[in-house]
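To keep things clear, I will list the structure first and then write my remarks on it.
Protein chains: 6
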Amino acid sequence: MNVVYTNIRRAAVEVVQGLGRYGVATVHEAQGRTGLLGPTLRPIYAGAHIAGCAVTVSLPPADNWMIHVAVEQCQAGDVLVVAPTSSSDAGYFGELLARSLAAREVRALIIDAGVRDVRALTDMRFPVWSKAVHAQGTVKETLGSVNVPVVCAGGLVSPGDIVIADDDGVCIVPRLEAQAVLKASEAREAKEAATRERLQNGELGLDIYDMRAKLAKRGLVFRPQSLTE
Amino acid sequence: MNVVYTNIRRAAVEVVQGLGRYGVATVHEAQGRTGLLGPTLRPIYAGAHIAGCAVTVSLPPADNWMIHVAVEQCQAGDVLVVAPTSSSDAGYFGELLARSLAAREVRALIIDAGVRDVRALTDMRFPVWSKAVHAQGTVKETLGSVNVPVVCAGGLVSPGDIVIADDDGVCIVPRLEAQAVLKASEAREAKEAATRERLQNGELGLDIYDMRAKLAKRGLVFRPQSLTE
Amino acid sequence: MNVVYTNIRRAAVEVVQGLGRYGVATVHEAQGRTGLLGPTLRPIYAGAHIAGCAVTVSLPPADNWMIHVAVEQCQAGDVLVVAPTSSSDAGYFGELLARSLAAREVRALIIDAGVRDVRALTDMRFPVWSKAVHAQGTVKETLGSVNVPVVCAGGLVSPGDIVIADDDGVCIVPRLEAQAVLKASEAREAKEAATRERLQNGELGLDIYDMRAKLAKRGLVFRPQSLTE
Amino acid sequence: MNVVYTNIRRAAVEVVQGLGRYGVATVHEAQGRTGLLGPTLRPIYAGAHIAGCAVTVSLPPADNWMIHVAVEQCQAGDVLVVAPTSSSDAGYFGELLARSLAAREVRALIIDAGVRDVRALTDMRFPVWSKAVHAQGTVKETLGSVNVPVVCAGGLVSPGDIVIADDDGVCIVPRLEAQAVLKASEAREAKEAATRERLQNGELGLDIYDMRAKLAKRGLVFRPQSLTE
Amino acid sequence: MNVVYTNIRRAAVEVVQGLGRYGVATVHEAQGRTGLLGPTLRPIYAGAHIAGCAVTVSLPPADNWMIHVAVEQCQAGDVLVVAPTSSSDAGYFGELLARSLAAREVRALIIDAGVRDVRALTDMRFPVWSKAVHAQGTVKETLGSVNVPVVCAGGLVSPGDIVIADDDGVCIVPRLEAQAVLKASEAREAKEAATRERLQNGELGLDIYDMRAKLAKRGLVFRPQSLTE
Amino acid sequence: MNVVYTNIRRAAVEVVQGLGRYGVATVHEAQGRTGLLGPTLRPIYAGAHIAGCAVTVSLPPADNWMIHVAVEQCQAGDVLVVAPTSSSDAGYFGELLARSLAAREVRALIIDAGVRDVRALTDMRFPVWSKAVHAQGTVKETLGSVNVPVVCAGGLVSPGDIVIADDDGVCIVPRLEAQAVLKASEAREAKEAATRERLQNGELGLDIYDMRAKLAKRGLVFRPQSLTE
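Here the protein sequences come in this chain order: A, B, C, D, E and F. The first sequence begins at 1192 in the working numbering and counts up by one. The second sequence begins at 1192 in the working numbering and counts up by one. The third sequence begins at 1192 in the working numbering and counts up by one. The fourth sequence begins at 1192 in the working numbering and counts up by one. The fifth sequence begins at 1192 in the working numbering and counts up by one. The sixth sequence begins at 1192 in the working numbering and counts up by one.
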C-alpha cells in the first residue's frame, strides 16, 4: 500500500542545531561508527554543511512523482531523503523542485540517484548529495510512499531522523538517540582538540595513544633497510 | 575501410547559437527526452556551457592518431566528439592538442575515454567532458575514421549534429531536428519561468500541476504517523 | 612477518626538486610511459602539485594502525603511500593524522582507499590523492609493514621512490632511475615548448609530426560526404 | 554496544515451507515489489533454491569474528545473513564455517562481501549468495552484533525474517507479513499458470492484458517502415 | 513521438543461417572489428549460439510495456533487442514473456538491463544476453518505440540487422552488409583452420605470421636474465 | 626499453607440484595472507585447478603482439601472465593462441583484460582467468616486454614465480619462498583436517578456537530479544 505519513515526530530543534556544529566524521564516530550512508553519495558542490530532520521518500526508479507529494510534508529545517526501489541514475530533481523546497526552508536533498540543473542549484546554494549528475528526465506515473523507513545508499533512514551532511558524505542519527549522540560528539571534539594541538607540536600518535608496547607485543619488528641493492 | 569525410553538413549558425542559450536538461526535455550521453561523462572543471557542431572520431583503444587527423577537419564553432571502439581510460588528449583546437576556435572536446593536462586545460578554459582523467599516453599506429556516426557514452552522434554541454552533461540534437528543438526549448523555458515564480512564492507543485485527483484515483493514502513507538 | 624498515635510501633532494617542476604526464612520458598509478586515485582538491620520496605502508583493510607507525618514519619532503591488502573504501586518514604529517613537513598522502575530514584537509592545504572520500572509521588491531614495496592502485611503489602528483594523478619514478628521468623530462618539455608555439599559431600536428605519408600508406581515404541524405 | 540477541522469534515453519515453493520473483511481486536485495548478490553455483529464517550478523569490514559467534545462534532451517559495516570483498567464509553451519542444518549463507573455497562449497551443496569470490583472509579482532537489523545489498533484513533465494537473487519477507505474502504468492502463481498456457498457445499479452485501448489512448502510432533507405 | 514500425525489412534467411555458422569473434573480425555490443552483456547460461533478425525496442527505465507491444511484431527467426533510455538493472523480462516469444519462434532476447526467472528460462532453453539478473518488477505506464534504431550496450542496432550471439557476447551485422560479411567470415574461417593446424603442431605464430623482422626493426631486445639476484 | 628475458629461473618442479595439491585459499593463508591477485579475475569455466611457473607479459592496451612473442619463451608447466599497461577489456587471446600454448604444454593463461572464443577454450579444457570475456580484436603494432615483473589485477608477479589458480582466484608464490610456503601449506592443511572433523561433528568454532573469554573481555553482551514488538 502507498502511504504518506503526515505528522511525523521530529528531533528537537536544539539537538539538531547542536549536532549541526559537528562534521559527519565526528558524529559517525560519536555514535559508535554507525549511521553513515555509502561513499557513492557526493555533494554537487564543495563546502556545504547541513543538519536537519529527514522527510523520506520511497519511489519507483525513474519516476519522481512522489517527490512532488513529499514537498507538502516538508517544513523549515527538514532534509528530503529520496531512495528509488531499484538502482537508477536518472535526474529526479532540478531547479524547480529546489525552488519549491527552498520556499519551505528545506535545507538539502539526499538522493540515491541522479539530479540535474546543478549549475542553478549551486548558484542558489541549495545543497544536494547524490550518486549521479544526469539530465535524464523522469515520469510521474507510479505511486510510492512518504515518511516510511527507506534504505538510502546502503543505510537505513527513518522519518524524523537527523541528517548530517558535509564534504565527507552523509550520516544519519536516529531520532531517539540524538541527544546522547550530541553529548558524545561534544566529548569527542573536546578530546580531539587536545590531541590536535599535541600533534601539531610534533608529538607522535605512537606516544599520545601509547601504542608502542602493544605493537611490540604483537611482534612488530623495526629493522634498518639492507645496504645491498 | 577507414575514411575521413571532409565537407560535412553542419547545422545553421543561428540555430546553434539559439540552442546554446539553453541548458542540457532543457534541450533534452524539449526533444522528447532523447539525445543524452551517459552520466559517466563529466566536465573537467565546473561552469562551462557550450554549443557547437560535432566533428566525430572513431578510433582504436589507446591510440590517438585519428585525433590529429580530425583537427584538420574542424572549423570555428565545432566540437570534437571522440569514441574508442572498445573501453579505454587512457589519456588521448592534452594541452598540445587543445592548443591546436583552440587555434581553430573549436569549442570543446567530448571523449568517452581519458584526458590529461587538466590543469593546463582548465587554465586555458578549454572545456572537456570525459569519462576519466588519466596521464597514460597513447600510440599513433592504427587508423580509425573521422566524421562517421559514433556511439559515445551510450548515445549516437552523427557529424554535424549539435552538441550542447554544461555541468549536467552532454546532449546531442540531430542536425535536421535542430530548428524544431530550438522552438520547443524556447517554449519550455517560457513555461518554466512562470512555474518557477509560483514555486518560489510557495505554491505547491501538487496544485500547479493539478496532481491531487490523479493521486487519489491511484489510491494514495494520507495517514498520521501512529503515536506508539 | 611484519617489519618497519627504518633508514630507507631516498632520492637526492635536487633530483626530487627537479622532477617537481614537471607534471605527471610529462614525467610518465619521459620514463617510457611507465610508473602511473591508476585513474581511480583522485585529488581531494584541485591544483595541488607535489614531488617527494615515498614512505610506503602495507596494511590490512579498514585498519589504520600502521599509518600511526609510519608517521615516525617520515621526514621533511616525504610522501606517504598507503595500500590496503584488499579492497577498502573506509576512511583511514583525517585531519589529526594530517596535522601530525604536516608537523614533520610531509608533502602529501597517496592512499588506495578512503579519507575523511576533506574540508579541513583542504583548508590546511594538505594534499591527498585517494580512491574515495568516506567518513567510515577504521580499527587499530592488526599489524602491517612500513617501507616494503607495495602495489597501490595497480602500480608498484618502493620506499624511497619519487612520487609526482598533480591534477592528472600520480606517477612513480624508481629511485635509481630518477636522474635519467629528470634529464628526459627536461628534454621533453623543451621539445613540447617549440611544438606548443607552432600549434598555437595554427600549424597542424599532421604537418609538424609529418604524418601524412604514413596515413596514406596505411590506406586512409579522404572523401566528401555524400550529398543525398 | 555490541550485542548478540539469543532467542529471536522466527516465522512459523509451515509458512517458511510454503514460501519455499515459490521463486524469488513471485514472492517479490506478491509482497508488492518490495524486499529484494540488490543484484550484486549472486549464487556461487546455479540451481539452488532455499527458504529459511534469517540470523543476521553486522560485522566490521574484513573481520569475520562475529560469524563464529553467530553459528551458535543458528538452528535447523536458518539462513545466515552477513553484512559488513563498510564495503569489503574479502573472503569471510569458507569450507570450515560451512561444515559448522551444515552440522546445524543451516540452509544457506547470504553475504554482502566475499567467500572462498567455492569448489568445496559447491561439492558440499552448501548454497551461498555473495557479492564476490575472493580468497583474501580476514581477521578476528573486532566485535559486531548478531540478530540486529542489518542493511544487506541495499535491503533491510531483521532477525527472524524469511529469506527466499534462487538463481534470480534474494528476497526478504518480514516475519509478521509472511502469512499474507504466502497467500498472495499462491494467488499469483495460480493466475500466472493460466496466463502461461494462453501465451504458450500463441495468444498475445496485448490481448490477454487488454492493453490495446490504453496504448491507443496514450498515442502509440503503428506505421509501416518507409520504403526508401 | 512513439512509433511501432510494423513491416521492417529483414536480412535474407540464407544469409542469417550462413552467419549463424560462425562465432561472434569471427564475424566481428570479418566485418572489420566493428559491431560488438559491450562485454557487460552476458548469457544467462553457457553454450547458446544464435543468429536472427533484430526487432528493436526503445523503452523507459523500469517499464516493460513496450516489450508486450513488440512481441506482436516478432516472427520466427527474430531476436528481440531491448534498450532502456537510461541505465536500469530492473527485471524487464521473465518466463511468461519468454513463453510468448517462444510460441512465435523468436530465437533470443538481448537486453541492456535485467531479467528474471533465469532458472525457468534455462530449463526452456530460451537464451538471453543481459547486463543483470534481477527479480525487480517493472511497470507498464509509459510508451516507447519499436523498430527504431537503438543503442544497446554501447552498440548501434537497427531493426532488421542480424544479431549473432554466443558465449563471447553479441555482434550486430548491418542488414545491407550481411552478404559481404558472410563471405568474409567464410574466408577468415578457412584461413584460421590452416593456421590452427600449424599451431597445434607446434609452429610458432612468430614464424607463421612472419613477425621476427618487424619486431627487430622496432627494437625488441632478447636478453638472458641476469644471474645475480 | 622493450626486452624479452630468455632464460628465466623457474621454481623446482617438485615444489610446483607440491603447491598444486593445495587450493588458492590455503596457499594464500600459508604465506601470510599475501600474494592474491584481485577478485576481478574469474575463471572462464568452473573446476580448473592449476599450478605452474609464470612467464610474464607487459603489453600496451588493446595490442596482443607481445603474447605471440611470449609463446616462444614458454615451456611445459608454465603459466602465461599478461598485464596491459592501462585498463582494457579487449579480447587479447582466443582459440588459436590457446592451441599454440597447449602445443607447448602451457597450463593456463592469467590475463588482466579480456579473452574470446571461450566456448572453444572450454571444450579444449584450456583454463583462463580473466577480467572480461569480450570478442573485441586487438592490434599488433607496439612493443612491450616479456619476463619483467608486472602488476596484474593489483598483485605483483615476477617471472618464474609460482602461480596457483582455482575457482577462488589466483595466488602468486615468489620463487624463492616457494619451498617454505609448501611446508606451511602442508601444515595448514593438516591442522584444518582435524578442525573440519570437529566442526562436522557439531563442535563450535567458539570452543575449538577458544574465543569465549576474549569475546567477554572485549565486552560482547548476550541478551534475549525483547518481547514487545
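Where a beta carbon is used, it is the ideal one built from N, C-alpha and C, also for glycine. Since this is a predicted model, take the numbers as computed values, not measurements.
### Query
Using a Cβ-Cβ cut-off of 7 Å (strictly less than) and excluding sequence neighbours within five positions of Asn1338(A), which residues of its own chain qualify?
Counting from one through the first sequence, the residue named residue 1338(A) turns up at place 147. Within the same chain, Asn1338(A) has close Cβ partners Val1195, Tyr1196, Ile1199, Val1246, Thr1247, Gln1264 and Pro1350.
### Task
For Phe1413(E), write down the residues that DSSP places opposite it in a beta bridge.
Along the fifth sequence, read from residue 1 onward, the residue named residue 1413(E) stands at position 222. Checking the DSSP bridge columns, you'll see Phe1413(E) partnered with Val1195(F).
### Query
Do you know how far the Cα of Val1306(F) is from the Cα of Gly1211(D)?
Here residue 1211(D) is taken as the residue at index 20 of the fourth sequence, counted from 1. Here residue 1306(F) is taken as the residue at index 115 of the sixth sequence, counted from 1. Cα to Cα, the separation comes out at about 39 Å.
### Query
Between the Cα of Ala1299(E) and the Cα atoms of Asp1308(E), Thr1386(E), Leu1287(E) and Arg1316(E), which residue gives the shortest distance?
One-based indexing of the fifth sequence puts residue 1299(E) at position 108. Answer by Cα proximity: Arg1316(E).
### Query
Val1218(D): which of Asp1308(D), Glu1380(D) and Thr1313(D) sits nearest, CA to CA?
On the fourth sequence, position 27 is the one that residue 1218(D) refers to. Answer by Cα proximity: Glu1380(D).
### Task
Determine whether the Cβ of Phe1413(C) lies closer than 9 Å to any Cβ atom of chain B.
Residue mapping note: residue 1413(C) aligns to position 222 of the third sequence, counting from 1. For Phe1413(C), the answer is yes, since a Cβ of chain B falls inside 9 Å of its Cβ.
### Message
Considering Cα atoms alone, identify which of Gln1416(A), Arg1409(A) and Pro1415(A) is closest to Met1192(C).
### Response
Here residue 1192(C) is taken as the residue at index 1 of the third sequence, counted from 1. Measuring from the Cα of Met1192(C), the nearest candidate turns out to be Arg1409(A).
### Message
Using a Cβ-Cβ cutoff of less than 6 Å, which residues in the same chain neighbour Val1253(D) once the five nearest sequence positions on both sides are dropped?
### Response
Against the fourth sequence, residue 1253(D) aligns to sequence position 62. First, the residue type needs correcting, since residue 1253(D) is Ala and not Val in the sequence shown. Excluding residues within five positions, the ones whose Cβ falls inside 6 Å are Ser1279, Ala1281 and Thr1329.
### Message
For Ala1261(D), which residues in the same chain have their Cβ closer than 7 Å to its Cβ, ignoring the five residues on either side in sequence?
### Response
The residue labelled residue 1261(D) in the question sits at position 70 within the fourth sequence. Apart from the 5 residues on each side of it in sequence, Ala1261(D) sits with its Cβ closer than 7 Å to the Cβ of Val1246, Val1248, Leu1271 and Val1337 in its chain, given in chain order.
### Query
Shortest alpha-carbon distance to Ser1321(D) belongs to which of Phe1413(D), Pro1230(D) and Arg1224(D)?
Taking the fourth sequence and counting its residues from 1, one reaches residue 1321(D) at position 130. Taking each of Phe1413(D), Pro1230(D) and Arg1224(D) in turn and checking the Cα distance to Ser1321(D), the smallest one comes out for Pro1230(D).
### Message
Looking at His1240(C): is its Cβ nearer than 9 Å to the Cβ of Asp1352(C)?
### Response
The residue given as residue 1240(C) occupies position 49 in the third sequence. The residue given as residue 1352(C) occupies position 161 in the third sequence. It is not a contact, given that the beta carbons lie outside the stated cut-off.
### Message
Please identify the residue among Leu1411(E), Thr1225(E), Leu1312(E) and Ala1293(E) whose C-alpha is closest to the C-alpha of Asp1359(D).
### Response
In the fourth sequence, residue 1359(D) corresponds to position 168, counting from 1. Shortest Cα-Cα distance from Asp1359(D) to any of Leu1411(E), Thr1225(E), Leu1312(E) and Ala1293(E) involves Leu1312(E).
### Proximal residues, the stretch 1265-1296 of chain C versus chain D, C-beta separation under 9 Å
Within the stretch 1265-1296 of chain C, the qualifying residues are Pro1275, Thr1276, Ser1277, Ser1278, Ser1279, Asp1280, Ala1281 and Gly1282.
### Query
Rounded to whole angstroms, how far is the Cβ of Cys1343(C) from the Cβ of Ile1301(C), which I believe are closer than 8 Å?
Taking the first residue of the third sequence as position 1, residue 1343(C) is located at position 152. Taking the first residue of the third sequence as position 1, residue 1301(C) is located at position 110. With a Cβ gap of about 6 Å, Cys1343(C) and Ile1301(C) count as contacting.
### Query
So, does the CB of Gly1211(B) fall closer than 9 Å to a CB anywhere in chain A?
For the purposes of this step, residue 1211(B) is taken as residue 20 along the second sequence, with counting starting at 1. At least 9 Å separates the CB of Gly1211(B) from every CB of chain A.
### Query
What do you get for Pro1415(C), buried or exposed, if any count of 16 or more other CB atoms within 10 angstroms of its CB means buried?
Translated into the one-based positions of the third sequence, residue 1415(C) becomes position 224. Looking at its Cβ environment, which holds fewer than 16 other Cβ atoms inside 10 Å, Pro1415(C) is exposed.
### Message
I'd like the ranges of any beta strand (DSSP E) spanning at least 3 consecutive residues and lying wholly in the stretch 1250-1334 of chain C.
### Response
Those beta strand (DSSP E) runs which fall completely within the stretch 1250-1334 of chain C and span 3+ residues are 1269-1275, 1299-1306 and 1319-1324.
#### Entry: Cutoff 6 Å; reference Val1372(E); Cβ partners in own chain excluding five residues on either side
In the fifth sequence, counting from the first residue as 1, residue 1372(E) sits at position 181. Around Val1372(E): Ala1221, Gln1222 and Val1364.
### Proximal residues to Val1309(C) (C-beta, below 7 Å), its chain only, five neighbours per side dropped
Your numbering for residue 1309(C) matches position 118 in the third sequence. Excluding sequence neighbours, Val1309(C) sits near Ile1235 and Val1324.
### Query
Does Gln1208(A) come within less than 9 Å of chain C when only Cβ atoms are used?
Along the first sequence, read from residue 1 onward, the residue named residue 1208(A) stands at position 17. With 9 Å as the cut-off, Gln1208(A) does not count as an interface residue toward chain C.
### Query
If you drop the 5 nearest sequence neighbours on each side, which residues of the same chain put their C-beta closer than 7 Å to that of Ala1267(C)?
The count along the third sequence starts at 1 and reaches residue 1267(C) at position 76. Here Ala1267(C) has Arg1295 and Glu1296 as same chain residues with Cβ atoms under 7 Å from its own Cβ, once five neighbours each way along the sequence are excluded.
### Query
With respect to the alpha helix (DSSP H) encompassing Val1206(C), which residues constitute its N-terminal and C-terminal limits?
Against the third sequence, residue 1206(C) aligns to sequence position 15. For Val1206(C), the enclosing alpha helix (DSSP H) covers residues Val1204 to Leu1210.
#### Entry: Endpoints, the beta strand (DSSP E) within which Asp1357(E) is located
Translated into positions along the fifth sequence, residue 1357(E) becomes position 166. Per DSSP, Asp1357(E) belongs to the beta strand (DSSP E) from Ile1353 to Asp1357.
### Task
Taking the CB atoms as reference points, tell me whether Leu1347(F) and Pro1251(C) lie closer together than 9 Å.
Counting from 1 along the sixth sequence, the entry for residue 1347(F) is found at position 156. Counting from 1 along the third sequence, the entry for residue 1251(C) is found at position 60. Cβ distance not < 9 Å, so Leu1347(F) and Pro1251(C) don't count as in contact.
### Rounded distance between the beta-carbons of Thr1386(C) and Leu1292(B), thought under 8 Å
In the second sequence, residue 1292(B) corresponds to position 101, counting from 1. In the third sequence, residue 1386(C) corresponds to position 195, counting from 1. With 8 Å as the limit, Leu1292(B) and Thr1386(C) do not qualify as a contact, their Cβ atoms being about 14 Å apart.
### Query
If you count every other CB in all the chains shown that lies within 10 Å of the CB of Glu1420(F), and 16 or more means buried, which is it?
Residue numbering aside, residue 1420(F) sits at position 229 when the sixth sequence is read from its first letter. The pLDDT assigned to Glu1420(F) is 49, lower than 50, so where the model puts this residue is not dependable; a value taken from the coordinates is nonetheless given after this. Residue burial annotation: Glu1420(F) is exposed, with fewer than 16 other C-beta atoms found within 10 angstroms of its C-beta.
### Task
Output yes or no for whether 9 Å exceeds the beta carbon distance between Val1412(A) and Val1215(A).
As a working mapping, residue 1412(A) is identified with position 221 in the first sequence. As a working mapping, residue 1215(A) is identified with position 24 in the first sequence. In terms of Cβ geometry, Val1412(A) and Val1215(A) do not form a close pair [threshold 9 Å].
### Task
Give the straight-line distance between the Cα atoms of Gly1335(F) and Glu1377(F), rounded to the nearest whole angstrom.
As a first step, residue 1335(F) must be located in the sixth sequence, where it is residue number 144. As a first step, residue 1377(F) must be located in the sixth sequence, where it is residue number 186. Straight-line Cα distance between these residues: approximately 38 Å.
### Query
Exposed or buried, which one is Leu1228(C) when buried takes at least 16 other CB atoms within 10 Å?
For this step, residue 1228(C) is matched to residue 37 along the third sequence. It counts as buried.
### Query
Would DSSP call Arg1224(B) helix, strand or coil?
Your numbering for residue 1224(B) matches position 33 in the second sequence. Coil, per DSSP.
### Message
Under DSSP, the alpha helix (DSSP H) around Val1372(D) begins and ends at which residues?
### Response
Residue numbering aside, residue 1372(D) sits at position 181 when the fourth sequence is read from its first letter. Bounds of the alpha helix (DSSP H) holding Val1372(D) are Ala1369 to Gln1391.
### Under 9 Å between C-beta atoms of Ala1203(C) and Gln1370(C)
Taking the first residue of the third sequence as 1, we reach residue 1203(C) at position 12. Taking the first residue of the third sequence as 1, we reach residue 1370(C) at position 179. Yes, they are a contact pair.
### Task
Tell whether a beta-carbon distance below 9 Å holds between Ala1304(B) and Val1354(B).
Residue mapping note: residue 1304(B) aligns to position 113 of the second sequence, counting from 1. Residue mapping note: residue 1354(B) aligns to position 163 of the second sequence, counting from 1. Result no, Cβ atoms of Ala1304(B) and Val1354(B) do not sit closer than 9 Å.
### Query
What number of angstroms, rounded off, separates the C-alpha of His1397(B) from the C-alpha of Glu1332(E)?
Taking the first residue of the second sequence as 1, we reach residue 1397(B) at position 206. Taking the first residue of the fifth sequence as 1, we reach residue 1332(E) at position 141. Before going on, a small fix: residue 1397(B) reads as Leu here, not His. The C-alpha of Leu1397(B) lies about 20 Å from the C-alpha of Glu1332(E).
### Task
Give me the Cβ distance between Tyr1400(F) and His1259(D), rounded to the nearest whole Å; I'm assuming they're in contact under 8 Å.
The residue you call residue 1400(F) lines up with position 209 of the sixth sequence. The residue you call residue 1259(D) lines up with position 68 of the fourth sequence. At roughly 7 Å, the Cβ-Cβ gap stays under 8 Å, so Tyr1400(F) and His1259(D) are in contact.
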